[in-house]
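Chains as they are written, first to last, in my numbering: chain A, 1 to 299; chain B, 1001 to 1299. All C-beta atoms, glycine included, are put in the ideal place defined by N, C-alpha and C. Accompanying notes for the structure given below.
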């Protein structure tokens, strides 16, 4: 089944302790689409500037991603630049230029509206809600967010949470949203806000899946060499939701499997800058690492 | 089956961001014995000073720990004091007084020597080897160590590693010992030094079990409130080896189970100062949390 993904397509400039890239393809919807498209057709909704060019969109289309919901607006594309410290967990945003994304008014094409699976990447909650309202065929919705919206748009975020099945948070966001330091208690408080489940990401230390009907803890896949953590969360979401859509199932056992697939796509993501690694591998590499991870965590 | 444990019995003075304790019962062998004694009889080898008193030993005996290998020497017991920062991962040693442990010459009682399971807690490798040589009935040996010995007694440590089945290391120790930054590659290099497996501890982020015939990753049990992390590693080892000894088996499937039991006893350990929590619970509480963890990580 198809997945609609709403979010950013961007250019990132990234410094790590070991290397750097300028103006590399980035954006939450980009990473999500690359990861999800191993599993299922993706329908992308977003906005780019006149500087974006068609090559990146063409690469997405070759992966089975429908880019007809990507508006090309006058102006420049979203740009982000950041620097990582050697522990990979500390990230400094050096510059954010919203550009055409500043006035993004999501328009979900008619052909996308019947899609049962929807991913709302990190954006202002009112943008996420506006997109969601147009997805009239939605049956399973996941959303991401960030500290900024918890700080400045909490009411909108709480409204959004009443309309999603799953939410993706990192540990810091879960604590900020609920005021609860203990991660699992924080997760349970998030469930009271509406979602059926929360995916709690702890970066290189794995993730929890906490829901009314499922409790699951998974270590991260131990990658050999981290090159660039940018996009790991969206790549996780892409593997997770792409897999669910491909098997048309969201029962607890399938959600656990999806956690492994999300971990696998995130692990490939961080092994290269931008979508370099995700763009270079095929489904068989995803399955090989899934099997390896499955064996590593089997009791 | 019985487990012989060789290590320290000590008094610890501990400061955390939230509380403190002075002169609390501590020591690697103490924590190990408390944790292992949920599962199997423990035979303790160590040395205390005249200040240790009999109450702590009597409490151990009531748990089925044979303390006849604990020598009472002239002088004061080992004392350690330290302070934890709020992230729990940063520990500052404020003071270490070896006292009677400085000239510790382990004497394994005749009655202990036939014990098939042996745990060598962190100590100078020549002390560990001296004890091990006396354990003539040994069939399965595990050892712990620390950065200090990797730095100043590496030859002795390498000799020791040729005689143990399993070694417990944290991520920093594994990297220091092998010169390899990547954790799993570091673990595989440790296997080349002799042990059949390595338990790689990552504190609150879980542990890996890497062996010639087993690869297993386990998240930590998400404890509600950490009170004092002191002894977590030795409590892990106690649960791990105590369980193995109780089922008289060390095949890969049993080693994976042992990882869960070690995680459980370590989780109880950190919920109180000293052995307060380990001393207050019974086997049924261990089994209850084992079942909870088992369910949390089941695929």
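Which value, in whole angstroms, describes the spacing of the CA atoms of residue 1241(B) and residue 1165(B)? Approximately 11 Å between the Cα atoms of the pair.
Per DSSP, which one or two residues make a beta bridge with residue 1199(B)? Paired residue(s): 1168(B) and 1209(B).
Between residue 219(A) and chain B, is the shortest Cβ-Cβ distance under 8 Å, so that the two count as touching? Using a Cβ-Cβ cut-off of 8 Å, residue 219(A) counts as an interface residue toward chain B, since at least one Cβ of chain B sits closer than that to its own.
Based on the DSSP output, what are the partners of residue 227(A) in its beta bridges? Residue 227(A) is not bridged by DSSP to any residue.
At a threshold of 7 Å, does residue 1158(B) count as lining the ligand FAD (C-beta to nearest heavy atom)? Summarising the ligand content, the structure contains no ligands, and the ligand FAD is consequently not present.
According to DSSP, simplified to helix, strand and coil, what is residue 66(A)? Under the three-state reduction of DSSP output, residue 66(A) falls in the strand class.
Backbone secondary structure at residue 190(A) - three-state DSSP: Residue 190(A): helix per DSSP, three-state reduction.
From residue 38(A) to residue 31(A), what does the alpha carbon distance come to, in whole angstroms? Separation of residue 38(A) and residue 31(A) (C-alpha to C-alpha, rounded to the nearest whole angstrom) is 12 Å.
Mind checking whether residue 1227(B) and residue 1195(B) have CB atoms under 8 Å apart? Residue 1227(B) is not a Cβ neighbour of residue 1195(B), given a cutoff of 8 Å.
Closer than 7 Å, Cβ to any Cβ of chain B: which residues of the region 177-190 of chain A, in chain order? So the close ones are 182, 183 and 184.
Taking the beta carbon of residue 103(A) as the centre, do at least 16 other beta carbons fall within 10 Å, making it buried, or is it exposed? Result: exposed.
Output the boundary residues of the alpha helix (DSSP H) element that contains residue 1001(B). Under the DSSP assignment, residue 1001(B) falls outside any alpha helix (DSSP H); it carries neither an H nor an E label.
Buried or exposed, going by whether 16 or more other CB atoms sit within 10 Å of the CB of residue 235(A)? In this structure residue 235(A) is buried. Its beta-carbon is surrounded by 16 or more other beta-carbon atoms within 10 angstroms.
Under 8 Å Cβ-Cβ, which residues of chain E neighbour residue 297(A)? In the displayed structure, chain E is absent; the protein chains listed are A and B.
Where the beta strand (DSSP E) containing residue 1084(B) begins and where it ends: Per DSSP, residue 1084(B) belongs to the beta strand (DSSP E) from 1078-1084.
Residue interval of the beta strand (DSSP E) (run including residue 1218(B)): In the DSSP annotation of this structure, the continuous segment of the beta strand (DSSP E) that includes residue 1218(B) starts and ends at 1215-1218.
Rank 12(A), 293(A) and 8(A) by C-alpha distance to the C-alpha of residue 273(A) and give the top, closest one. It is 12(A) whose Cα lies nearest to the Cα of residue 273(A).
So, residue 224(A) versus residue 202(A), is the Cβ gap smaller than 8 Å? Taking 8 Å as the cut-off, the Cβ atoms of residue 224(A) and residue 202(A) do not count as close.
Relative to the C-alpha of residue 141(A), which residue among 151(A), 128(A), 73(A) and 148(A) is closest? For the set 151(A), 128(A), 73(A) and 148(A), the Cα lying nearest the Cα of residue 141(A) is the one of 128(A).
Does DSSP put residue 98(A) in a helix, a strand or coil? Shown here, residue 98(A) sits in coil according to DSSP, grouped into three states, outside any helix or strand.
Any chain A beta carbon closer than 8 Å to residue 1206(B): Residue-level contact check: residue 1206(B) touches chain A, since one or more beta carbons of chain A fall below 8 Å from its beta carbon.
Tell me the rounded alpha-carbon separation between residue 1100(B) and residue 1071(B). Taking the straight line joining both Cα atoms gives about 10 Å.
Just verifying my parser: in three-state terms, what is the DSSP assignment at residue 1281(B)? Residue state, collapsed to three classes: coil.
Sequence-distant residues of its chain with Cβ nearer than 7 Å to residue 248(A) (five each side left out): Cβ within range, chain order: 1.
Tell me which residues share the same chain as residue 1057(B) and place their Cβ nearer than 6 Å to its Cβ, disregarding the 5 neighbours each side in the sequence. The residues are 1067.
Quick check on residue 40(A): does DSSP put it in helix, strand or coil? The answer is coil: DSSP assigns residue 40(A) none of H, G, I, E or B.
Which residue comes first and which comes last in the beta strand (DSSP E) that contains residue 13(A)? For residue 13(A), the enclosing beta strand (DSSP E) covers residues 10-15.
Paired residues, beta bridge with residue 71(A) - DSSP: Answer is 47(A), bridged to residue 71(A).
Just to confirm, are residue 1239(B) and residue 1211(B) a CB contact at a threshold of 8 Å? The beta carbons of residue 1239(B) and residue 1211(B) sit no closer together than 8 Å.
Under a three-way DSSP split, which group does residue 53(A) fall into? Looking at residue 53(A) - three-state DSSP - the assignment turns out to be coil, as it is neither helix nor strand.
Just to confirm before moving on: does the CB-CB distance between residue 1209(B) and residue 1161(B) stay below 8 Å? Contact: no.
If you drop the 5 nearest sequence neighbours on each side, which residues of the same chain put their C-beta closer than 8 Å to that of residue 18(A)? Scanning its chain for C-beta atoms nearer than 8 Å, with the 5 sequence neighbours on each side dropped, one finds around residue 18(A) the residues 227, in chain order.
Segment limits, beta strand (DSSP E) that includes residue 1266(B): First-last for residue 1266(B): 1252-1269, but that is the alpha helix (DSSP H), not the beta strand (DSSP E).
Flag this pair as yes or no: are the beta carbons of residue 10(A) and residue 78(A) separated by less than 8 Å? At a Cβ-Cβ threshold of 8 Å, residue 10(A) and residue 78(A) count as neighbours.
Span of the alpha helix (DSSP H) holding residue 23(A)? First-last for residue 23(A): 20-26, but that is the beta strand (DSSP E), not the alpha helix (DSSP H).
Which class does residue 1163(B) belong to by DSSP, given the choice of helix, strand or coil? In the three-state scheme derived from DSSP, where H, G and I count as helix and E and B as strand, residue 1163(B) is classed as coil.
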